[in-house]
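In the working numbering, the protein residues as written are 0 to 271.
Note that the Cβ used here is the ideal one computed from N, Cα and C, for glycine as well.
Predicted model, so just to flag it, every value in this text is computed and none were measured.
The structure under discussion appears below in the form of structure tokens.
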Amino acid sequence: MTVHLEPPATEEMSFLDLSGISINYGTKTAVRDIDLRIGADEFVSIIGPSGCGKSTLLHVLAGLKSPAAGQITYRCTDVTADVGKRLRTGYVFQDHRLLPWRSVRRNIEIAMRSAGVPKEEWAGQIERYLSLLQVRDHIDALPMNLSGGQRQRVSIARALAVRPDLVLMDEPFSGLDEVTGRTIRVELDRMRESSATPTLFVTHSIREALFLSDRILVLSRGPATVLKEITIDLPRPRAYGDPRLVKLEEELVNEVLQVWEPTADNAPEKTP
0 MTVHLEPPAT EEMSFLDLSG ISINYGTKTA VRDIDLRIGA DEFVSIIGPS GCGKSTLLHV
60 LAGLKSPAAG QITYRCTDVT ADVGKRLRTG YVFQDHRLLP WRSVRRNIEI AMRSAGVPKE
120 EWAGQIERYL SLLQVRDHID ALPMNLSGGQ RQRVSIARAL AVRPDLVLMD EPFSGLDEVT
180 GRTIRVELDR MRESSATPTL FVTHSIREAL FLSDRILVLS RGPATVLKEI TIDLPRPRAY
240 GDPRLVKLEE ELVNEVLQVW EPTADNAPEK TP
């Protein structure tokens, strides 16, 4: 199987569309004229050089930052001005961000209350996602009594339990050792067979993006623009060591190195 880096495709209708999005920080442009679409059950990854502005797109979709230009359309409705109110997001950060004085159960309940999930649904949602992520036995534990991998599993369960329209994941495995990170990625991939919530995933890892994604957007050095879009047409669940994934990784690394390699002229200042 061969990866072809081609210009982004367009569709008449999708679950979420970003069109011509530009984002500034003061006088500096972090993201320029980005087009991005996410289907109703898609897992889309964004990869790009360090500091190019990948996480900035997540901030906009979470309502934490307003775009300087462009339009955000959710289910055919323009939500650019109030995307944070119109789009319920579950956010998974690089660190777990659990309240240390609250149990696993209470941490998730607080998020569900904030998201407006009916109270009668709390117990079922919490049980479901903690079980899927293999941390159900720690439901009443404090975060300090969990390993790093267990805390990040709880963080993912919290994001999914709020019944999000869109899950945002910002390098959630970057702080974990390789074995733990790989184990959780496998669990996340298998979960999508029964719970395919639309997901936008930011990562530095090409291997991680290939394993998890339906599509990958390759960003340029900052100010970020979309260079290429790649469709990963491999069935789920996927397996590490699959020769098709290994071949895809080799081809993609060789291609993106040509556009990511810094020079004296294109080395940017980092953006959030």
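- Reference T88; option with closest CA among S173, T196 and L17: Translated into the one-based positions of the sequence shown, residue 88 becomes position 89. It is T196 whose Cα lies nearest to the Cα of T88.
- Query: Would you call N144 buried or exposed, if buried means 16 or more other Cβ atoms sit within 10 Å of its Cβ?
  - Reply: Locating residue 144 in the sequence shown gives position 145, where the first residue counts as 1. Exposed.
- Work out the CA separation of I71 and G62 for me, nearest whole Å. Taking the sequence shown and counting its residues from 1, the one referred to as residue 62 is at position 63. Taking the sequence shown and counting its residues from 1, the one referred to as residue 71 is at position 72. Answer to the nearest angstrom: the Cα atoms are 11 angstroms apart.
- If we count the other Cβ atoms within 10 Å of its Cβ and call it buried at 16 or more, is L256 buried or exposed? Along the sequence shown, read from residue 1 onward, the residue named residue 256 stands at position 257. Under this definition L256 is an exposed residue.
- Query: Between L56, D136, A39 and D34, which lies nearest to F14 when the distance is taken from Cα to Cα?
  - Reply: Translated into the one-based positions of the sequence shown, residue 14 becomes position 15. Checking every option, the nearest Cα to that of F14 belongs to A39.
- Message: In the DSSP output, what is D283 paired with across the bridge?
- Response: Absent from the structure is residue 283, since the part of the chain shown begins at 0 and ends at 271.
- Task: If I'm right that L97 touches V153 with Cβ under 8 angstroms, what's the distance once you round it to whole angstroms?
- Result: Taking the sequence shown and counting its residues from 1, the one referred to as residue 97 is at position 98. Taking the sequence shown and counting its residues from 1, the one referred to as residue 153 is at position 154. Rounded, the Cβ-Cβ distance is 6 angstroms, consistent with contact.
- Could you spell out the range, first to last residue, of the alpha helix (DSSP H) harbouring I138? The residue given as residue 138 occupies position 139 in the sequence shown. Segment: none, I138 is in no alpha helix (DSSP H) and carries neither H nor E.
- Query: Run through DSSP, which three-state label would Q70 get?
  - Reply: Residue mapping note: residue 70 aligns to position 71 of the sequence shown, counting from 1. Reduced to three states, the DSSP call for Q70 is strand.
- Taking all protein chains shown into account, decide if A110 is buried (16 or more other Cβ within 10 angstroms of its Cβ) or exposed. Translated into positions along the sequence shown, residue 110 becomes position 111. Per the 10 Å Cβ criterion, buried.
- Query: Where does G147 sit, in a helix, a strand or coil, going by DSSP?
  - Reply: In the sequence shown, counting from the first residue as 1, residue 147 sits at position 148. Looking at G147 - three-state DSSP - the assignment turns out to be helix.
- Task: Would you decide whether L251 is buried or exposed? Buried here means 16 or more other CB atoms lie within 10 Å of its CB.
- Result: Numbered from its first residue, the sequence shown carries residue 251 at position 252. L251 is buried by the Cβ-count criterion.
- Return the first residue and the last residue of the alpha helix (DSSP H) that A122 is part of. By 1-based counting over the sequence shown, the position of residue 122 is 123. From DSSP, the alpha helix (DSSP H) with A122 extends over W121 to L131.
- Message: Suppose you measure from the CA of M0 to the CA of E207; what does that come to, to the nearest Å?
- Response: One-based indexing of the sequence shown puts residue 0 at position 1. One-based indexing of the sequence shown puts residue 207 at position 208. Its pLDDT being 45, under 50, M0 is placed unreliably in this model, and the coordinates cannot settle the point.
- Item | Residues of its chain near E119, where Cβ-Cβ distance is below 6 angstroms and the 5 sequence neighbours each way are ignored | Your numbering for residue 119 matches position 120 in the sequence shown. Once the five neighbours on either side are set aside, E119 has no close Cβ partner at all.
- Message: Give me, in chain order, the residues of the same chain whose beta-carbon lies closer than 7 angstroms to that of Q149; leave out the 5 immediate sequence neighbours on both sides.
- Response: The residue given as residue 149 occupies position 150 in the sequence shown. Same-chain partners within the cutoff: V134 and H137.
- Thinking L187 and L211 are a contact (beta carbons under 8 angstroms), I'd like their distance in whole angstroms, please. Taking the first residue of the sequence shown as position 1, residue 187 is located at position 188. Taking the first residue of the sequence shown as position 1, residue 211 is located at position 212. Yes, they are in contact, since the Cβ atoms of L187 and L211 sit about 7 angstroms apart, within 8 angstroms.
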